[in-house]
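Undergrad: Have a look at this one.
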Amino acid sequence: MLELVAAFICLTSLLTYVNFRFIGLPPTIGVMVTALMFSLLLQGLSFMGYPGLEERVQQLIGQIDFGDLLMNWMLSFLLFAGALHVNLNDLRSYRWPIGLLATFGVLIATAVIGSLAYYIFALFGWHVSFLYCLLFGALISPTDPIAVLGVLRTANASKPLKTTIVGESLFNDGTAVVVFTVLLGIAQLGETPTISATAMLFAHEAIGGVVFGGLIGYLVYLMIKSIEQHQIEVMLTLALVIGGSAMASELHVSAPIAMVVAGLIIGNLGRNLAMNDMTRKYLDGFWELLDDMLNALLFALIGMELLLLPFNWLHVLAASLLALAILLSRLLTVAPAIVLLRRWRTVPRGTIRILTWGGLRGGVSVALALALPLGPERDLILSITYIVVLSSILLQGLSIGKLVKHVTRDEPAPAAQAEHH
Numbered sequence: 343m344l345e346l347v348a349a350f351i352c353l354t355s356l357l358t359y360v361n362f363r364f365i366g367l368p369p370t371i372g373v374m375v376t377a378l379m380f381s382l383l384l385q386g387l388s389f390m391g392y393p394g395l396e397e398r399v400q401q402l403i404g405q406i407d408f409g410d411l412l413m414n415w416m417l418s419f420l421l422f423a424g425a426l427h428v429n430l431n432d433l434r435s436y437r438w439p440i441g442l443l444a445t446f447g448v449l450i451a452t453a454v455i456g457s458l459a460y461y462i463f464a465l466f467g468w469h470v471s472f473l474y475c476l477l478f479g480a481l482i483s484p485t486d487p488i489a490v491l492g493v494l495r496t497a498n499a500s501k502p503l504k505t506t507i508v509g510e511s512l513f514n515d516g517t518a519v520v521v522f523t524v525l526l527g528i529a530q531l532g533e534t535p536t537i538s539a540t541a542m543l544f545a546h547e548a549i550g551g552v553v554f555g556g557l558i559g560y561l562v563y564l565m566i567k568s569i570e571q572h573q574i575e576v577m578l579t580l581a582l583v584i585g586g587s588a589m590a591s592e593l594h595v596s597a598p599i600a601m602v603v604a605g606l607i608i609g610n611l612g613r614n615l616a617m618n619d620m621t622r623k624y625l626d627g628f629w630e631l632l633d634d635m636l637n638a639l640l641f642a643l644i645g646m647e648l649l650l651l652p653f654n655w656l657h658v659l660a661a662s663l664l665a666l667a668i669l670l671s672r673l674l675t676v677a678p679a680i681v682l683l684r685r686w687r688t689v690p691r692g693t694i695r696i697l698t699w700g701g702l703r704g705g706v707s708v709a710l711a712l713a714l715p716l717g718p719e720r721d722l723i724l725s726i727t728y729i730v731v732l733s734s735i736l737l738q739g740l741s742i743g744k745l746v747k748h749v750t751r752d753e754p755a756p757a758a759q760a761e762h763h
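Residue numbers (the numbering used here): 343 to 763.
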């Protein structure tokens, strides 16, 4: 296992260097692109008569439990790091659109995407049950917080846009996981849970995650406030994420949601009321470095997963149609929330376009697809999900910055006005 970790870290570092030195794409997207190129190179070498190399890499990657690694560990670290720099007052100002998109938006998207997927799969002659189509809708509905946070760093978006996109992406995976879990339980047991049982599951996972994250976050804040030693304070935040994620798993509450809430507490109360300048400097430097490293590892792994997934050009064509269906569902969920927001505050023109195009899909969707039971439906959905995620990150991720600049240039006054709300 140690050799696997060493090999993967070395490969990711090399891919990061190649992107920075020769390609120049945004860091996370660039690492994924170089990993894809590496995967294609290995497949090319295998086709030319060097089969052992590709098989060896496939064996190494196959030892990595992507779903467990991302959902139980990496996601908690990345969400905590992202939440550290989110202003709680800004989040509170846009709580209604964020809340609508992170809850009802996921439910509506699940239904819309699932229904369209049922007919698209049938169009290609694939007999996929409607329940599995809804499972696909649930796993592909949430915008990925890791991909979104990585892209927004390089896009000069206004504060309302950044707050809404980041806030939604930090919280909507919890809703999606609950919906996915309920549908998966129906698929495996053949029983439809009652409304009260579903509500209890949601309350236990999501609300339990909020309460648990608030408790451990405030406890660590009090500990940090009682001392003035930056090494220990940074260690406490690291223990908060590692220990908190493990405890959340034991309590069967949402570890990602708990880490978001804890990160908001440490990032707002802790930074402003319990830390001196030196501690803030060390805390920011530590978590930014860890965030960049984990992002690079994650996107390199997404790129390398190409070696493990069998797919053909029909999958690519079907995924292209489903990507359009996903954008349509995104528009149907974004537009009502923004129209509602316009009743109380000025919203820049182009906000709906940016929120629709900026709804990137990423590793969370792939991890949920990997959790499906083994079988032909899983293989199909996993391949389609992977292609949709790749196209989302590459096409939307590389162009969202240009769209933001275009909208900002066309509407400078409203954007500036919204910045002060």
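Each residue gets a CB set at the ideal place from its N, CA and C atoms; glycine is no exception.
Report the three-state DSSP secondary structure of alanine 713 (helix, strand or coil).
TA: If you number the sequence shown from 1, residue 713 lands on position 371. Three-state result, alanine 713: coil.
Undergrad: Should the stretch 439-449 be called in touch with the stretch 502-512, which here means at least 3 C-beta pairs below 8 Å?
TA: Touching, yes, given that three or more Cβ pairs across the two stretches are closer than 8 Å.
Undergrad: Between cysteine 352 and methionine 635, what straight-line distance do the alpha-carbon atoms span, to the nearest angstrom?
TA: For the purposes of this step, residue 352 is identified with residue 10 of the sequence shown, where counting begins at 1. For the purposes of this step, residue 635 is identified with residue 293 of the sequence shown, where counting begins at 1. Cα to Cα, the separation comes out at about 12 Å.
Undergrad: Just tell me which of Leu606, Gly645, Arg691, Trp686 has its CA closest to the CA of leucine 420.
TA: Here residue 420 is taken as the residue at index 78 of the sequence shown, counted from 1. Among Leu606, Gly645, Arg691, Trp686, the Cα nearest to that of leucine 420 belongs to Leu606.
Undergrad: For arginine 691, which of helix, strand or coil comes out of DSSP?
TA: Translated into the one-based positions of the sequence shown, residue 691 becomes position 349. Three-state result, arginine 691: coil.
Undergrad: Near leucine 426, which residues of its chain fall below 7 Å by C-beta distance, leaving aside the five closest residues on each side in sequence?
TA: The residue labelled residue 426 in the question sits at position 84 within the sequence shown. Gly605, Ile608, Gly609, Trp629, listed in sequence order.
Undergrad: When the distance is taken between beta carbons, is valine 470 closer than 8 Å to phenylalanine 463?
TA: Locating residue 463 in the sequence shown gives position 121, where the first residue counts as 1. Locating residue 470 in the sequence shown gives position 128, where the first residue counts as 1. Closer than 8 Å, so yes.
Undergrad: Taking the alpha-carbon positions, what's the alanine 459 to alanine 667 distance?
TA: Taking the first residue of the sequence shown as position 1, residue 459 is located at position 117. Taking the first residue of the sequence shown as position 1, residue 667 is located at position 325. Their backbone Cα atoms lie some 8 Å apart in a straight line.
Undergrad: Looking at leucine 673 and isoleucine 450, is the spacing between their C-beta atoms short of 8 Å?
TA: Counting from 1 along the sequence shown, the entry for residue 450 is found at position 108. Counting from 1 along the sequence shown, the entry for residue 673 is found at position 331. It is not a contact, given that the beta carbons lie outside the stated cut-off.
Undergrad: Using 8 Å as the threshold, is the C-beta distance between serine 734 and arginine 695 below it?
TA: Taking the first residue of the sequence shown as position 1, residue 734 is located at position 392. Taking the first residue of the sequence shown as position 1, residue 695 is located at position 353. No.
Undergrad: Is it right to say isoleucine 584 is buried, meaning 16 or more other beta carbons lie within 10 angstroms of its own, or is it exposed?
TA: For the purposes of this step, residue 584 is identified with residue 242 of the sequence shown, where counting begins at 1. Counting Cβ neighbours within 10 Å, isoleucine 584 comes out exposed, since fewer than 16 surround it.
Undergrad: Once DSSP output is grouped into helix, strand and coil, what is the label at aspartate 619?
TA: Counting from one through the sequence shown, the residue named residue 619 turns up at place 277. Three-state DSSP puts aspartate 619 in a helix.
Undergrad: When you compare each of Val373, Ala597, Leu640, Leu615 to glycine 555 by their alpha carbons, which one comes out closest?
TA: Start at 1 with the first residue of the sequence shown, and residue 555 comes out as number 213. Looking at the Cα atoms, Ala597 is the closest of the given residues.
Undergrad: Does the beta-carbon distance from glutamine 547 to valine 520 come in below 8 Å?
TA: The sequence position of residue 547 within the sequence shown is 205, counting from 1. The sequence position of residue 520 within the sequence shown is 178, counting from 1. Residue identity differs from the one stated: residue 547 is glutamate in this sequence, not glutamine. It is a contact, given that the beta carbons lie within the stated cut-off.
Undergrad: Note down the Cα distance separating isoleucine 726 from glycine 645, rounded to an integer number of angstroms.
TA: By one-based count along the sequence shown, residue 726 stands at place 384. By one-based count along the sequence shown, residue 645 stands at place 303. Their backbone Cα atoms lie some 15 Å apart in a straight line.
Undergrad: What whole-angstrom Cβ distance do glycine 767 and isoleucine 558 have, given they're in contact under 8 Å?
TA: The first residue shown for the chain is 343 and the last is 763, placing residue 767 beyond what the model contains.
Undergrad: Does the distance from the CB of leucine 349 to the CB of leucine 402 come in under 8 Å?
TA: Mapped onto the sequence shown, residue 349 falls at position 7. Mapped onto the sequence shown, residue 402 falls at position 60. Per the sequence shown, residue 349 should be read as alanine rather than leucine. Taking 8 Å as the Cβ cut-off, alanine 349 and leucine 402 qualify as a contacting pair.
Undergrad: When DSSP labels each residue in this structure, what does tyrosine 436 get in the three-state scheme?
TA: Counted from its first residue, the sequence shown places residue 436 at position 94. Three-state result, tyrosine 436: coil.
Undergrad: For serine 707 versus isoleucine 406, is the C-beta distance shorter than 8 Å?
TA: Here residue 707 corresponds to residue number 365 of the sequence shown, with the count starting at 1. Here residue 406 corresponds to residue number 64 of the sequence shown, with the count starting at 1. Not a contact, by the Cβ cut-off of 8 Å.
Undergrad: Going by C-alpha to C-alpha distance, which of Phe380, Ile371, Ser418, Val399 sits closest to leucine 580?
TA: Numbered from 1 along the sequence shown, position 238 holds the residue referred to as residue 580. It is Ser418.
Undergrad: In three-state terms, what does DSSP make of glutamine 738?
TA: Taking the sequence shown and counting its residues from 1, the one referred to as residue 738 is at position 396. DSSP places glutamine 738 in helix when its eight states are reduced to three.
Undergrad: When we look at the beta-carbon of tryptophan 655 and count the other beta-carbons within 10 Å, is it buried (16 or more) or exposed?
TA: The residue given as residue 655 occupies position 313 in the sequence shown. Exposed, by the Cβ-count rule.
Undergrad: Note down, in chain order, each residue of its chain lying with its Cβ closer than 8 Å to the Cβ of threonine 523, except the 5 sequence neighbours on either side.
TA: For the purposes of this step, residue 523 is taken as the residue at position 181 of the sequence shown. Contacts found: Leu543, Glu547.
Undergrad: Taking 7 Å as the limit between beta carbons, can you name the residues of its chain near proline 756, skipping five residues before and five after?
TA: Position 414 of the sequence shown, counted from the start, is the residue given in the question as residue 756. With a pLDDT of 42 at proline 756, under the threshold of 50, the modelled position of that residue is not reliable, and the figure given next carries that caveat. Answer for proline 756: Thr688, Pro690, Arg691, listed in chain order.
Undergrad: What's the gap between the Cα of leucine 564 and the Cα of tryptophan 438?
TA: As a position in the sequence shown, residue 564 is number 222, starting the count at 1. As a position in the sequence shown, residue 438 is number 96, starting the count at 1. Looking at the two C-alpha atoms, the distance is approximately 30 Å.
Undergrad: Suppose you measure from the CA of leucine 648 to the CA of serine 381; what does that come to, to the nearest Å?
TA: Taking the sequence shown and counting its residues from 1, the one referred to as residue 648 is at position 306. Taking the sequence shown and counting its residues from 1, the one referred to as residue 381 is at position 39. Roughly 7 Å between the two C-alpha positions.
Undergrad: Tell me where the alpha helix (DSSP H) around proline 369 begins and ends.
TA: Residue numbering aside, residue 369 sits at position 27 when the sequence shown is read from its first letter. Segment 369-389, the alpha helix (DSSP H) holding proline 369.
Undergrad: What's the gap between the Cα of glutamate 570 and the Cα of leucine 625?
TA: Position 228 of the sequence shown holds residue 570. Position 283 of the sequence shown holds residue 625. Cα to Cα, glutamate 570 sits roughly 13 Å from leucine 625.
Undergrad: How is threonine 579 classed by DSSP in three states: helix, strand or coil?
TA: Here residue 579 refers to the residue found at position 237 when the sequence shown is read from its first residue. Threonine 579 falls in the helix class under three-state DSSP.
Undergrad: Which residues in the same chain have their Cβ closer than 6 Å to the Cβ of valine 562, if we skip the five residues on either side of it in sequence?
TA: Numbered from 1 along the sequence shown, position 220 holds the residue referred to as residue 562. Counting only Cβ-Cβ distances below 6 Å, and skipping sequence neighbours, we find Leu578, Leu582.
Undergrad: Please report the residue range of the alpha helix (DSSP H) in which aspartate 407 lies.
TA: For the purposes of this step, residue 407 is identified with residue 65 of the sequence shown, where counting begins at 1. No alpha helix (DSSP H) contains aspartate 407, which DSSP labels as neither H nor E.
Undergrad: Please list, in chain order, all residues of the same chain as histidine 763 whose beta carbon is under 6 Å from its beta carbon, the five residues on each side excluded.
TA: One-based indexing of the sequence shown puts residue 763 at position 421. Since pLDDT at histidine 763 reaches only 41, below the 50 mark, its modelled position is unreliable, and no value is offered.
Undergrad: What are the start and end residues of the alpha helix (DSSP H) that includes isoleucine 484?
TA: Taking the sequence shown and counting its residues from 1, one reaches residue 484 at position 142. For clarity, residue 484 is proline in the given sequence; the question names isoleucine instead. Premise fails: proline 484 is in no alpha helix (DSSP H) and is neither H nor E.
Undergrad: Hey, would you say isoleucine 742 sits closer than 8 Å to glycine 705, going by beta carbons?
TA: Taking the first residue of the sequence shown as position 1, residue 742 is located at position 400. Taking the first residue of the sequence shown as position 1, residue 705 is located at position 363. No, they are not a contact pair.
Undergrad: Check this for me: beta carbons of valine 490 and valine 552, under 8 Å apart or not?
TA: Counting from 1 along the sequence shown, the entry for residue 490 is found at position 148. Counting from 1 along the sequence shown, the entry for residue 552 is found at position 210. Not in contact: valine 490 and valine 552 (Cβ atoms no closer than 8 Å).
Undergrad: Pick out whichever of Leu712, Gly717, Gln738, Leu722 has its Cα sitting closest to the Cα of leucine 412.
TA: Taking the sequence shown and counting its residues from 1, one reaches residue 412 at position 70. Closest option to leucine 412, Cα to Cα, is Leu712.
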